[in-house]
Amino acid sequence: MTKTSKKQIELDEKKVIDHLQKNCMENLDSFAKNCGFSRQKVWRIIKNLERDRTIWGYTAVINPESIQQKHYILLMKRNTQRINERITDLLLSRQFEEVVSNLGITIETSSYTHGEFDWIATFLAPNIISAKKFSELVKTTYPDTFQRIELLETLFDIKRQNILNPDAKKIKEIL
6 MTKTSKKQIE LDEKKVIDHL QKNCMENLDS FAKNCGFSRQ KVWRIIKNLE
56 RDRTIWGYTA VINPESIQQK HYILLMKRNT QRINERITDL LLSRQFEEVV
106 SNLGITIETS SYTHGEFDWI ATFLAPNIIS AKKFSELVKT TYPDTFQRIE
156 LLETLFDIKR QNILNPDAKK IKEIL
């Protein structure tokens with residue numbers, strides 16, 4: 006007979022995930038205390054989540070301005086024709102990321118989506134010129150794949166990756 010039900014394990018995992026998303030760098034002892042679990046239980050839950058690939062990794066949320074970067078979003082609408090295998094392989098490889106890193110661009114997120122746009126990429130670039138070069142590079146690297154591409158510049162993040170911007174009140178200056 007198991008000590009803990011499957012439902013309780015899922016609830017405990019959710020509590021740990023919620024807390025990890027808020028502060029994954031917190032000391033394990035205080036992390037466990039805030040979750041109401043023992044240190045060993047939190048450690049075991051985290052290891053299981055990593056093993057099951059629920060957790061892909063850990064990252065820092067960076068203020069782009071402090072590293073002389075700006076945040077952009079690229080929205081892409083696919084053509085109706087099927088994407089050929091060469092393009093799919095290129096999407097899965099890190100080759101394109103290596104090419105754009107020469108432009109000073111860091112791709113944060115690349116997602117296949119449902120809605121008006123089929124693909125969304127978020128990235129950091131030093132300026133709008135580099136961002137537009139990236140947009141053009143997407144068109145030339147993936148020819149006949151996208152019928153429409155929109156480039157958006159993020160002016161201000163109030164919340165990013167579940168972390169509230171410590172300078173969130175600066176939005177008043179912008180608005």
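Going by this note's numbering, the first residue of the sequence shown is number 6, and it counts up by one from there. Ideal Cβ positions, reconstructed from N, Cα and C, are used throughout, including at glycine.
Determine the extent of the alpha helix (DSSP H) in which Q100 is found, giving its start and end residues. Q100 to S106
According to DSSP, is S10 helix, strand or coil? coil
Nearest to I176 by CA position, among N167, I168 and D162, is which residue? D162
Can you tell me where the alpha helix (DSSP H) with E178 in it begins and where it stops? I176 to I179
With distances taken between CB atoms, is the gap from F36 to R83 smaller than 7 Å? no
Run the CB neighbour count on S135, radius 10 Å, all protein chains shown included, and call it buried at 16 or more, exposed below. buried
Output yes or no for whether 7 Å exceeds the beta carbon distance between I125 and T118. yes
Say yes only if the C-beta of L25 is nearer than 6 Å to one or more non-hydrogen atoms of the ligand MN, and no if none qualify. The ligand content of the structure shown is nil, which means the ligand MN is not present either.
So who's on the other strand from I119, going by DSSP bridges? A small fix is needed here, since residue 119 is His in this sequence, not Ile. Partner(s): none; H119 has no beta bridge.
Could you tell me the alpha carbon to alpha carbon distance between I5 and N107, rounded to whole angstroms? The requested residue 5 is not part of the displayed model; the chain covers only 6 to 180.
Y63: buried (16+ other C-beta within 10 angstroms of its C-beta) or exposed? exposed
Does the distance from the CB of I60 to the CB of V21 come in under 7 Å? no
Mind checking which residues open and close the alpha helix (DSSP H) that includes A37? L33 to C40
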